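The numbering used here puts the first residue of the sequence shown at 372, with every later residue one more than the last.
Just so it is clear, CB atoms sit at the ideal spot from N, CA and C, and this is done for glycine as well.
Quantities reported herein were computed from a predicted structural model and do not represent experimental measurements.
First comes the structure, then the notes that go with it.
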Amino acid sequence: MIRDYRASEAKRMQQKLEHCTVTDEIALPSEQDYKEHPMYLSVSGCFYESPLLYSYEDMMNHLMETQMYAKTHENYQFKLKEISAFRNIQIEIMQDQYVIVSKIKSPSIHFVIEHPTMVHALQNFTIPVIE
């Protein structure tokens, strides 16, 4: 199930990149932060029933592979952030069309926002400063 989902997501990304630019922003936690707040593999799109915990090493390998992908795909941009205000959620924005907010851990929950005012607000959302 997960392999099929990965293949369909790779195909979907390739189709997107043929027509538009995709930018991923991912927080890079320290190993200590990761121990306190581990990350989960995003399989919310296939409604997988159990959360899939990443090891820190797996996450770092995935980030390296993502950076290599960005180097070989002109319309794909990848940005590492030091901290994130949110944990285990994914936000997908299609400029001026919709925003999808997905909970990564099982059970999957997706909020699809199409109202123009809400889409504009989320596109221009400034992440709060965490101290």
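query	result
Beta-carbon proximity check, residue 452 vs residue 399, cutoff 9 Å	yes
Within 9 Å, strictly: CB atoms of residue 463 and residue 479	no
C-alpha distance - residue 428 paired with residue 488, whole-angstrom precision	40 Å
Cβ-based burial, residue 379 [other Cβ within 10 Å; buried from 16]	exposed
Candidates 459, 491 and 445, of which the one nearest residue 467 by Cα	491
Which of helix, strand or coil DSSP assigns to residue 452	strand
Bridge partners - residue 382, DSSP secondary structure assignment	In the DSSP output, where bridge partners are listed per residue, residue 382 has none listed.
Chain-order list of residues whose beta-carbon lies under 8 Å from that of residue 469 (same chain, five-residue window excluded)	483, 484, 485 and 490
Beta-carbon proximity check, residue 415 vs residue 461, cutoff 9 Å	yes
CA-to-CA distance, residue 412 to residue 385, given in whole angstroms	20 Å
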